[in-house]
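Asks: To start, I am sharing the structure in question, which I have written as structure tokens.
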Amino acid sequence: MQAERLEDGAFQVCCRMDSTAEDVRATLTDIHALLQDHEMAPPPDNNWELVVAEVLNNIVEHAYEDRAGGDILLRLVFATDRLAVEFTDFGRPMPCGTLPFGAPVDLDVSEQDLPEGGFGWFLIRSLAENLDYHHDGDRNRLTLSIPLG
Amino acid sequence: MRLTTDHRDGVDIITVDAARIDAAVAIQFKDRMREILGNEKPRYVLDLSQVDFIDSSGLGAIVAAMKLMPRGGKLELAGLRPAVDKVFRMTRMDSIFAIHPSAEAAASA
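Here is the structure:
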């Protein structure tokens, strides 16, 4: 994991992780530690962590079909009022080449029919802005930004 | 993913001894809950007061656990920290569960 202060004062973190839920968790934990080590004021809430976790989980599950051994590159740029994130992976492209709509799930069903999944893109779209996705050659690239406080 | 149980006043308090319920532990959480709920106690309260992060996988695992409740009983939740409470509210899942401020409040409810 590499961290540096950019010319405009923003704080950039770059890292690579393996396509597993465990490595996603370890990466998020390491980012917390890094922010503390550099005495960065912690973001006012954890919206950024939830969005980043959801996107990374989707890459593991869908781009890499839950197979370990795939690379995921993450770049975070913490400015005072927003976090810009770039995700790169070398897995399968998004179906239809676009991001999921992320509709809210329907809870007006019997208890046994309540959904156990499908919340991820709804959460991402509720908390993040400027979502942009491209599949270029062999890689997927997703960028987004998250307001901080 | 450690879950410990404590029976008091007719309520089984299941304490999650972990800071995160996420994709990395969702399956372990569900498996452990299946074991615990097999004991078929009258009321179960999931104490989340040590959990400061859940993602959609964690939420899904908690919903799955609720469906395992014996005799269609309700799985109650307690001690939701702000980040966890937010995920429940955003997805409207807070309307599906009885939510208590603490395990103690749940036990005396």
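Quick mapping for you: the protein sequence lines, in order, are chains A and B.
Residue numbering for the first sequence follows the numbering used here, beginning at 35 and increasing consecutively.
Residue numbering for the second sequence follows the numbering used here, beginning at 994 and increasing consecutively.
Note that the Cβ used here is the ideal one computed from N, Cα and C, for glycine as well.
So that I know if they touch, is there some Cβ in chain B lying closer than 7 angstroms to that of A:SER53?
Replies: It does not; no Cβ of chain B falls within 7 angstroms.
Asks: Between the Cα of A:ASP105 and the Cα atoms of A:ASP142, A:VAL111, A:GLN146, A:GLU95, which residue gives the shortest distance?
Replies: Nearest option by C-alpha distance: A:GLU95.
Asks: Within 10 angstroms of its Cβ, does B:ARG1064 collect 16 or more other Cβ (buried), or is it exposed?
Replies: Exposed.
Asks: With three or more beta-carbon pairs closer than 8 angstroms as the criterion, would you say the region 74 to 90 of chain A touches the region 137 to 148 of chain A?
Replies: No: the two stretches stay apart, fewer than three of their Cβ pairs being nearer than 8 angstroms.
Asks: Give the residues of chain B in contact with A:SER160, contact being defined as C-beta atoms less than 7 angstroms apart.
Replies: MET1083, listed in chain order.
Asks: Below 8 angstroms, how does it come out for the region 144 to 160 of chain A and the region 1080 to 1088 of chain B: are there three or more Cβ pairs, yes or no?
Replies: Touching, per the Cβ criterion.
Asks: Against B:VAL1056, what residues of chain A qualify as contacts under a CB-to-CB distance less than 8 angstroms, listed in chain order?
Replies: Simply LEU148, PRO149, GLU150.
Asks: Pick from A:ASP147, A:GLN146, A:LEU110: whose alpha carbon is nearest that of A:LEU207?
Replies: Because chain A spans 35 through 183 in this model, residue 207 of chain A falls outside it and cannot be assessed.
Asks: Could you compute how far the alpha carbon of A:LEU107 sits from the alpha carbon of A:LEU117?
Replies: Those two C-alpha atoms are separated by around 16 angstroms.
Asks: Output, in chain order, the set of chain A residues within a Cβ distance shorter than 8 angstroms of B:ARG1013.
Replies: Ordered by position in chain A, the residues that pass the 8 angstroms Cβ test against B:ARG1013 are ARG59.
Asks: Do B:THR998 and B:ASP1040 have their CB atoms nearer than 7 angstroms?
Replies: No, these two residues do not count as a Cβ contact at 7 angstroms.
Asks: Quick one: complete beta strand (DSSP E) runs, 3+ long, within the region 53 to 127 of chain A?
Replies: Listed in chain order, the complete beta strand (DSSP E) runs (minimum 3 residues) inside the region 53 to 127 of chain A are 105 to 112, 116 to 123.
Asks: Are any of the Cβ atoms in chain A nearer than 7 angstroms to that of B:GLY1053?
Replies: Answer yes: the Cβ-Cβ gap between B:GLY1053 and chain A drops below 7 angstroms somewhere.
Asks: Output, in sequence order along the chain, the residues in the region 80 to 97 of chain A whose CB is closer than 9 angstroms to any CB in chain B.
Replies: The region 80 to 97 of chain A vs chain B, Cβ under 9 angstroms: ASN80, ASN81, GLU83, LEU84, ALA87, GLU88, LEU90, ASN91, VAL94, GLU95.
Asks: Strictly under 7 angstroms for the Cβ-Cβ distance: is A:GLU56 near chain B by that measure?
Replies: Output row for A:GLU56: interface = yes.
Asks: Just verifying my parser: in three-state terms, what is the DSSP assignment at A:PRO181?
Replies: Strand.
Asks: Helix, strand or coil for A:GLN146? Go by DSSP, reduced to three states.
Replies: A:GLN146: helix per DSSP, three-state reduction.
Asks: So, does the CB of B:ALA1091 fall closer than 7 angstroms to a CB anywhere in chain A?
Replies: Chain A contact via Cβ: absent.
Asks: Does any residue of chain A have a CB that is nearer than 7 angstroms to the CB of B:ARG1017?
Replies: It should be noted that the sequence gives Ala, not Arg, for residue 1017 of chain B. With 7 angstroms as the cut-off, B:ALA1017 counts as an interface residue toward chain A.
Asks: DSSP on B:MET1059, reduced to helix/strand/coil?
Replies: B:MET1059: helix per DSSP, three-state reduction.
Asks: Look at the alpha carbon of A:ARG101 and the alpha carbon of B:ILE1029, and state the distance between them as a whole number of angstroms.
Replies: If you take the alpha carbons of A:ARG101 and B:ILE1029, they lie about 30 angstroms apart.
Asks: Mind checking the region 1034 to 1053 of chain B against chain A and listing, in chain order, the residues whose C-beta falls within less than 9 angstroms of any C-beta there?
Replies: From the region 1034 to 1053 of chain B, only ASP1045, PHE1046, ILE1047, ASP1048, SER1049, SER1050, LEU1052, GLY1053 have a Cβ closer than 9 angstroms to chain A.
Asks: Using a Cβ-Cβ cut-off of 7 angstroms, state whether B:ALA1076 counts as contacting chain A.
Replies: Closer than 7 angstroms: yes.
Asks: When the distance is taken between beta carbons, is A:ALA37 closer than 7 angstroms to A:LEU68?
Replies: Their beta carbons are under 7 angstroms apart, which means A:LEU68 touches A:ALA37 by this criterion.
Asks: Which residues in the same chain have their Cβ closer than 8 angstroms to the Cβ of A:ARG50, if we skip the five residues on either side of it in sequence?
Replies: Around A:ARG50: ASP105, ILE106, LEU107, LEU108.
Asks: Of all Cβ atoms in chain B, is any one closer than 7 angstroms to the Cβ of A:GLY183?
Replies: A:GLY183 does not count as touching chain B.
Asks: Are B:ALA1071 and B:ALA1091 close, meaning C-beta to C-beta below 7 angstroms?
Replies: Not in contact: B:ALA1071 and B:ALA1091 (Cβ atoms no closer than 7 angstroms).
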